[in-house]
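Structure, as structure tokens:
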Amino acid sequence: MDQYPDWLGRDLVAGTLPWQQGLPSSLATFLDRFTLHDSRWIGLFFEQERNATLMLRWTPPTGAAEWHVLAIRFDGLERAEVKLRSSDIATAVSGPTSRAADWHRTQVEDQRGGGASLLHAPNVRLLCLTRDRALLTLPVPAETV
Numbered sequence: 091m092d093q094y095p096d097w098l099g100r101d102l103v104a105g106t107l108p109w110q111q112g113l114p115s116s117l118a119t120f121l122d123r124f125t126l127h128d129s130r131w132i133g134l135f136f137e138q139e140r141n142a143t144l145m146l147r148w149t150p151p152t153g154a155a156e157w158h159v160l161a162i163r164f165d166g167l168e169r170a171e172v173k174l175r176s177s178d179i180a181t182a183v184s185g186p187t188s189r190a191a192d193w194h195r196t197q198v199e200d201q202r203g204g205g206a207s208l209l210h211a212p213n214v215r216l217l218c219l220t221r222d223r224a225l226l227t228l229p230v231p232a233e234t235v
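Each residue of the sequence shown is one higher than the last, beginning at 91 in the numbering used here.
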């Protein structure tokens with residue numbers, strides 16, 4: 091069973107995650123540089139006005155032995171279908187839908203053949219925190235789509 095830091099749930103519910111320090115980008119840009127393979131799905135937490143936060147336990151490919159919390163804030167989540175069979179992530183891809191470039195589809199597959207499909211606005215905010223709640227800089231270009 092995973093043990094997550096006490097501040098994680100408290101800050102998520104209270105709305106006190108340091109989003110002002112988060113990186114405005116897109117998931118497609120993030121996934122061009124990093125993989126979510128071997129990450130663990132913590133949860134997708136819905137908020138008012140089509141906002142949501144996806145929380146992952148993520149180990150960056152820098153050789154670090156310790157995992158971090160990767161929070162992805164969607165300011166326009168149109169639809170989410172989550173049918174995971176495991177919290178262990180195998181693959182993730184994201185990019186514009188074939189219908190309109192102003193919507194992106196992110197597809198996450200777990201290691202047991204389940205998955206999640208998220209239809210969202212291209213812009214997201216990325217936040218990477220250590221278990222001690224220290225902010226880590228992600229070497230991903232800031233962008234607004």
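Glycine included, C-beta positions come from ideal geometry on N, C-alpha and C.
Counting the other CB atoms within 10 Å of its CB gives Gly-112 a total of 16 or more, which places it among the buried residues.
Under the DSSP definition of a beta bridge, Trp-131 partners with Leu-146. Linking Gly-133 to Leu-144 through their CA atoms gives a straight-line distance of about 6 Å.
Close CB contacts of Arg-175 within its chain, under the 7 Å cut and outside five residues either way in sequence, are with Asp-200, Arg-202, Gly-203 and Gly-204 (chain order).
Rounded to the nearest angstrom, the gap between the Cα atoms of Asn-213 and Arg-140 is 13 Å. Nearest in C-alpha terms to Leu-117, of all of Thr-227, Leu-226 and Val-198, is Val-198. Comparing alpha-carbon positions, the option among Phe-135, His-127, Thr-227 and Phe-120 lying closest to Arg-100 turns out to be Phe-135.
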